[in-house]
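Heads up, the final residue of the sequence shown is numbered 743 in our numbering, and it's a clean run with no missing numbers. The next block holds one structure in the form of structure tokens; read it before the comments.
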Amino acid sequence: MQINKDRQAENDSWILAAQCPSRLGTVDVVTRFLKEQACYITELHSFDDYRGGRFFIRAAFRPELGDFTEAAFHERFAARAAEFDMTFELMAPGTRLPVVIMVSKADHCLNDLLYRYRTGQLAIDVRAIVSNHPDLEPLAAWHDIPYHHLPVTPETKAEQEAAIRQVVHESGAELVILARYMQVLSPDLCHEFAGRAINIHHSLLPGFKGAKPYHQAYEKGVKLVGATAHYINDDLDEGPIIAQGVETVDHAHYPEDLVARGRDIECLTLSRAVRYHQQKRVFLHSGRTVVLSG
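Structural data, given as structure tokens:
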């Protein structure tokens, strides 16, 4: 279901994101309540997973009366939602999601995220940048963002990840973005960051693993290149997918051309996934995602 009337900019709307078991009245419980509270719906998306018996809904709305308060809305809707075993989140207009970005040496995804952050295209607040290399510290300094150089070896991995935890905790970050961070996180850290850490990688996997995947792809004559953004989990590069991008190529694309195309798609796909997460469009469900995109 989708309703768009006099659509408002995302920063002007409150967001209500909810899910519950599938049953009669799930749309009505949200839309009727918003009408009763004099809230005008500017965007509405819902999905019913008939196989999993789970219902998902996201509503953007603006209050029409001046006495609207978040606390009162939350309390009143919680009582109504309880009848449907519905869990929900409420996000105020203009909310900027606090994030920590993790990188290694490649700068294309970091550059893109920082540009979108600086120009307001992404409603995020970059609290810190973490890297196992010092190379990108000047870029962080130019943006006046704290940079934590945390080198890692197999022998120091536990200590390095403890330092990562500390940075994330002390910064108050609610999302960790792995913007081409070329280290495998431990199962413990994956569990701790479950549902709040997004990774990006090329979509040639699992066929072209290891070094120079685009060169391997060139040798096989691939006709598609792309990127996948997903939440991290214990399975390397196999977490719940949020967004993917793809572009056709042909015999005239040499390895360096494939690399360039891949970088562009990685940037676009990662920023899209971060935006979906920030806008409360992503629901984790049975090891996969429901993405109520606009």
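Glycine residues also receive a C-beta, built at the ideal position from the N, C-alpha and C atoms.
Given residue 672 as reference, the closest of 649, 592, 679, 663 once Cα atoms are compared: When each option's Cα is compared against that of residue 672, the closest is 663.
Own chain partners of residue 461 with C-beta closer than 6 Å, once the 5 adjacent residues on each side are dropped: Taken in chain order, the residues that qualify are 542.
Buried or exposed by the 16-neighbour rule on C-beta atoms within 10 Å, applied to residue 631: Per the 10 Å Cβ criterion, exposed.
Other residues of its chain near residue 692: CB distance less than 7 Å, five sequence neighbours each side excluded: For residue 692, where only same-chain residues beyond five positions count, the Cβ hits under 7 Å are 678, 718, 721, 722, 725.
C-alpha gap between residue 455 and residue 480, whole angstroms: Residue placement at residue 455 is poorly supported in this model, since its pLDDT is 37, which falls under 50; the coordinates still yield a value, given next. Residue 455 and residue 480 have their alpha carbons spaced roughly 17 Å apart.
Contact under 7 Å by Cβ, residue 508 with residue 562: Cβ atoms of residue 508 and residue 562: not closer than 7 Å.
Through-space distance from residue 701 to residue 526, alpha-carbon basis: Approximately 58 Å between the Cα atoms of the pair.
Spatially closest choice to residue 547 from 643, 502, 475, 617, by CA coordinates: Checked all of 643, 502, 475, 617; the closest Cα to residue 547 is 617.
Integer Cβ distance of residue 496 from residue 505, believed to fall under 8 Å: About 5 Å separates the two Cβ atoms, so the contact holds.
Where residue 646 falls: helix, strand or coil (DSSP): Annotated three-state conformation of residue 646 is strand, per DSSP.
Per-residue DSSP class, three states only, for residue 494: Looking at residue 494 - three-state DSSP - the assignment turns out to be strand.
Residue of 609, 488, 681 minimising C-alpha distance to residue 636: When the alpha-carbon of residue 636 is set against those of 609, 488, 681, the nearest one is in 681.
C-beta contact flag for residue 575 and residue 620 at 7 Å: Cβ distance not < 7 Å, so residue 575 and residue 620 don't count as in contact.
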